[in-house]
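J.: Below: one structure in structure tokens.
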Amino acid sequence: GNSVTQMEGPVTLSEEAFLTINCTYTATGYPSLFWYVQYPGEGLQLLLKATKADDKGSNKGFEATYRKETTSFHLEKGSVQVSDSAVYFCALRSEYSTLTFGKGTMLLVSP
Amino acid sequence: GAVVSQHPSWVICKSGTSVKIECRSLDFQATTMFWYRQFPKQSLMLMATSNEGSKATYEQGVEKDKFLINHASLTLSTLTVTSAHPEDSSFYICSARTGATNYGYTFGSGTRLTVV
């Protein structure tokens, strides 16, 4: 079956530091890949997505590239801000339209 | 954009009682809604898929008689945890597909259930 593995948190960074949150997946076929973000007290929001190999999703300074050869979709940001503190979920969608999530990685950014 | 309103945000109930969680699509019609459960430090686990006007489809291992899902209209789906026990304490979150594509999922803000 499908599965998503992402690095455990919390990830603690200082403002303006470089961020990488690793995500690898196992899936049959050609899934679409997503990163969702959950800010404190809010629901999940789609951050970015990629639908095929070598696609790069980007939004709000965050990027992730769909790497089929390494089955990875690592999330990166060049310079994090305090407001980026949240829980980040990597997810994939199979051809049957259900989402499979990773466990989530909490990011804490200090001033 | 599309908004899914979920409430209550948190609820504490006694063992043996039932709790209803509502999920409403505010500015769109959701023919399909999904209910997830999240244990501490675990991933979101799909519990069931709710289709308007028909019975929900439950994932393996989810007790349909314990977690009653009703999707009576295009804007409302409810999850009722019946005869709750402490092990049902968890974070429940709903989502709805907002468009024709498979990328348009909008999530509710979640409900923290604590059974004492």
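Line by line, the protein sequences give chains A and B.
If you use my numbering, the first sequence corresponds to residues 3 to 113, in order.
If you use my numbering, the second sequence corresponds to residues 7 to 122, in order.
Glycine is no exception: its CB is placed at the ideal position from the N, C-alpha and C atoms.
#1: Less than 8 angstroms between CB atoms is the rule here; does lysine 61 of chain B satisfy it with respect to chain A?
#2: Taking C-beta to C-beta, are isoleucine 18 of chain B and valine 122 of chain B nearer than 8 angstroms?
#3: For leucine 101 of chain A, which residues from the same chain have a beta carbon less than 8 angstroms from its beta carbon, with the 5 sequence-adjacent residues on both sides left out?
#4: At a Cβ threshold of 8 angstroms, is lysine 70 of chain B touching chain A?
#5: List the endpoints of the continuous beta strand (DSSP E) containing glutamate 78 of chain A.
#6: Could you tell me the alpha carbon to alpha carbon distance between glutamine 8 of chain A and leucine 49 of chain A, rounded to whole angstroms?
#7: For leucine 85 of chain B, go through chain A and note every residue whose CB falls closer than 9 angstroms to its CB, in chain order.
#8: When DSSP labels each residue in this structure, what does serine 96 of chain B get in the three-state scheme?
#9: Consult DSSP for valine 82 of chain A and reduce its assignment to one of helix, strand or coil.
#10: Do threonine 67 of chain A and lysine 58 of chain A count as a contact pair if the criterion is CB distance below 8 angstroms?
#11: Nearest to threonine 81 of chain B by CA position, among B:Trp16, B:Phe40, B:Ser21 and B:Lys20, is which residue?
#12: Please list the residues of the segment 28–55 of chain A that have a C-beta atom closer than 9 angstroms to any C-beta atom in chain B, keeping them in chain order.
#13: Which chain C residues are close to threonine 100 of chain A, counting only those with a beta carbon under 8 angstroms from its beta carbon?
#14: Apart from the five residues just before and just after tyrosine 27 of chain A, which ones in its own chain have a Cβ nearer than 6 angstroms to its Cβ?
#15: Based on DSSP bridge pairs, tell me the residues matched to serine 34 of chain A.
#16: List, in chain order, every chain A residue whose beta-carbon is nearer than 8 angstroms to that of phenylalanine 73 of chain B.
#17: Answer yes or no: do leucine 74 of chain B and threonine 86 of chain B have a C-beta to C-beta separation smaller than 8 angstroms?
#18: Once DSSP output is grouped into helix, strand and coil, what is the label at glutamate 65 of chain A?
#19: Please report the distance separating the alpha-carbon of threonine 14 of chain A from that of leucine 50 of chain B.
#20: Run the CB neighbour count on phenylalanine 45 of chain B, radius 10 Å, all protein chains shown included, and call it buried at 16 or more, exposed below.
#21: Quick one: does lysine 47 of chain B have its CB under 8 angstroms from some CB of chain A?
T.: Taking the structure as given:
#1: no
#2: yes
#3: Phe36, Ala93, Leu94 and Arg95
#4: no
#5: 77–79
#6: 16 angstroms
#7: Those within 9 angstroms of leucine 85 of chain B in chain A number zero; the least Cβ separation is about 15 angstroms.
#8: strand
#9: coil
#10: yes
#11: B:Phe40
#12: Ser34, Phe36, Tyr38, Gln40, Gly43, Glu44, Gly45, Leu46, Gln47, Leu48, Lys51 and Thr53
#13: Annotation note: the requested chain C is absent from the structure, which comprises protein chains A and B.
#14: Val6, Thr73 and Leu94
#15: A:Arg95
#16: Per Cβ cutoff of 8 angstroms: no residues; phenylalanine 73 of chain B is ~17 angstroms from chain A at best.
#17: yes
#18: strand
#19: 23 angstroms
#20: exposed
#21: yes
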